[in-house]
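First up is the structure itself, then whatever we jot down about it.
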Amino acid sequence: MQQPLVKDFFDENTNTFSYVVADLATLQCAIIDSVLDYDAASATTKTTNADLIVDYVFAQNFKVQWILETHVHADHMTAAQYLKSKLGGTIAISQKISVVQETFSAIYNFDFKKFNENQPFDYLFEDYEHFKIGEIEAYNIPTPGHTPACLSYVIADAVFVGDTLFMPDYGSARCDFPKGSAAELYDSVQKLYTLPDNMRMFLCHDYKPEGRDEYICQTDIKTQKQSNIHLNRQVSKDSFIKMRQERDATLAMPKLILPSIQINMNGGNFPEPEANGIRYLKIPFNYF
Numbered sequence: 001m002q003q004p005l006v007k008d009f010f011d012e013n014t015n016t017f018s019y020v021v022a023d024l025a026t027l028q029c030a031i032i033d034s035v036l037d038y039d040a041a042s043a044t045t046k047t048t049n050a051d052l053i054v055d056y057v058f059a060q061n062f063k064v065q066w067i068l069e070t071h072v073h074a075d076h077m078t079a080a081q082y083l084k085s086k087l088g089g090t091i092a093i094s095q096k097i098s099v100v101q102e103t104f105s106a107i108y109n110f111d112f113k114k115f116n117e118n119q120p121f122d123y124l125f126e127d128y129e130h131f132k133i134g135e136i137e138a139y140n141i142p143t144p145g146h147t148p149a150c151l152s153y154v155i156a157d158a159v160f161v162g163d164t165l166f167m168p169d170y171g172s173a174r175c176d177f178p179k180g181s182a183a184e185l186y187d188s189v190q191k192l193y194t195l196p197d198n199m200r201m202f203l204c205h206d207y208k209p210e211g212r213d214e215y216i217c218q219t220d221i222k223t224q225k226q227s228n229i230h231l232n233r234q235v236s237k238d239s240f241i242k243m244r245q246e247r248d249a250t251l252a253m254p255k256l257i258l259p260s261i262q263i264n265m266n267g268g269n270f271p272e273p274e275a276n277g278i279r280y281l282k283i284p285f286n287y288f
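In case it helps, UniProt numbering puts the sequence shown at residues 1 to 288.
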C-alpha cells in the first residue's frame with residue numbers, strides 16, 4: 001500500500017491540527033481542516049496559519065486536489081475559501097451538511113432554502129464514498145456524534161478523524177451541540193475500531209493534559225482501543241453515554257462557536273456586505 005506523506009500544522013490559539021496529505025508520485029494533495037485566524041474582540045481575520053500551508057504547498061510543488069472538512073467546526077473558522085483562491089482544489093464535506101445548515105439556519109434566522117438552491121460547498125460526499133488523492137485510494141466513514149455531519153477520511157494507511165476522538169489520555173469529543181449524540185459517537189468509534197490496528201490516526205485537536213509536555217497529533221487504532229480513557233474496548237455503550245452526558249453538562253461553549261458556525265456551514269464564505277460595504281455576523285442572544 002502506498003503511504004501518503006502527512007504534514008501537520010498546529011494552531012495553538014484554537015488547539016487545532018490541519019494537514020496536508022500528499023501523493024508523492026503525482027504531487028497531488030489534500031488539505032484537511034484548515035484554520036482561518038480570527039480575533040473575536042475586533043472581529044478581524046488573518047491568514048497567518050493558512051499562509052503556512054500555502055507556502056508549504058508551493059515549496060513542495062504540490063497541486064491541491066481536495067480541501068476537506070471533517071465537519072462544521074465550532075472552535076475555529078475554516079480557511080477553505082482563502083486556500084482555494086490561492087491553491088485551487090475542491091472544497092468537500094459530508095452530504096449531511098444539510099442537517100447542520102437547516103438546524104443552524106433556524107438558530108441564526110437564515111433562509112435555509114438558499115443552501116439548497118446554491119450549496120456553498122463544491123462537493124458533498126455520500127457515506128463511504130471512495131475517492132483518490134493522486135493515485136492514492138481514499139474513502140470516508142460517517143462518524144456522527146459530535147455533529148451529525150462528521151466524516152473520518154481513510155487515506156491508505158491513515159485515518160483523519162476530526163473531533164471524533166482525541167489522544168488516548170484526553171478521550172473523546174463533546175456531544176452536546178444541536179443534533180449531537182453520545183450514543184452515535186460510541187457507535188462511530190466502534191466503526192473506527194474495525195480498521196487495522198496499525199493504521200495511523202490523525203486528530204484535529206490536542207489539549208496537552210496535565211502530565212504531558214507536548215502537543216501530539218498522531219496515534220494509532222490499537223493504542224486507542226487499548227487505552228483511550230473514554231472509549232477503550234472495555235467501555236460499554238451505556239457507561240460511555242452516562243459519562244459523556246455528565247461531562248458535557250459541565251463544559252462551557254467554545255469561545256468561537258457563534259461566529260465560526262455561520263461561516264463554516266457556508267463553506268467558509270463570509271456574509272455579503274451590506275449597503276455600507278461592511279460584512280456582519282449574527283449573534284443569537286440568550287440562545288445557548
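Note that CB positions come from ideal geometry on N, CA and C, so glycine has one too.
Span separating the alpha-carbon of residue i from that of residue j
i	j	result
Pro-284	Thr-45	21 Å
Tyr-193	Pro-273	46 Å
Cys-175	Gln-2	35 Å
Lys-86	Phe-240	43 Å
Asn-198	Thr-219	9 Å
Thr-223	Ser-152	18 Å
Ala-22	Lys-282	37 Å
Leu-258	Ala-173	18 Å
Ile-93	Trp-66	10 Å
Leu-83	Pro-196	32 Å
Ser-18	Leu-24	19 Å
Thr-26	Tyr-207	35 Å
Leu-124	Lys-255	28 Å
Phe-104	Gln-262	8 Å
Gln-245	Asn-13	26 Å
Ser-236	Arg-247	16 Å
Ser-227	Asn-109	43 Å
Val-20	Ile-221	21 Å
Asp-111	Tyr-280	16 Å
Asp-37	Thr-16	11 Å
Asp-11	Tyr-287	29 Å
Cβ pair residue i, residue j closer than 8 Å
i	j	result
Phe-115	Gln-101	yes
Asp-163	Cys-217	no
Val-64	Ile-91	no
Asn-266	Pro-120	yes
Asp-75	Ser-260	yes
Gly-277	Gln-81	no
Pro-142	Val-99	no
His-71	His-146	yes
Pro-4	Ile-133	yes
Ala-79	Ser-42	no
Cys-29	Phe-58	no
residue 328	Asp-157	Any property of residue 328 remains undetermined from this structure, which presents the chain solely from 1 to 288.
Phe-202	Val-6	yes
Coarse secondary structure for residue i, derived from DSSP in three states
i	result
Thr-194	coil
Ile-107	helix
Leu-68	strand
Gln-218	strand
Ile-155	strand
Thr-45	strand
Glu-12	coil
Val-54	helix
Ser-181	coil
Lys-255	coil
Thr-164	coil
Thr-143	coil
Ala-149	coil
Gln-28	strand
Lys-63	strand
Glu-210	coil
Tyr-287	coil
Asp-33	coil
Lys-132	strand
Tyr-38	strand
Glu-102	helix
Residue range of the beta strand (DSSP E) that includes residue i
i	result
Ser-239	It is not in any beta strand (DSSP E) - Ser-239 instead sits in the alpha helix (DSSP H) that spans 237–248.
Phe-125	123–125
Ala-173	Neither: Ala-173 is in no beta strand (DSSP E) and is coded neither H nor E.
residue 291	Outside the shown range of the chain, which is 1 to 288, sits residue 291, and nothing can be said about it.
Arg-200	200–202
Range of the contiguous alpha helix (DSSP H) that encloses residue i
i	result
Asn-116	113–117
Lys-86	80–87
message: Can you confirm whether the stretch 131–140 touches the stretch 182–191 when touching is taken to mean that 3 or more C-beta pairs between the two stretches lie within less than 8 Å?
response: no
query: If we count Cβ pairs, one from each stretch, closer than 8 Å, do we get three or more for the stretch 246–257 versus the stretch 204–214?
result: no
- prompt: So, do the stretch 36–51 and the stretch 154–173 have three or more beta carbon pairs nearer to each other than 8 Å?
  reply: no
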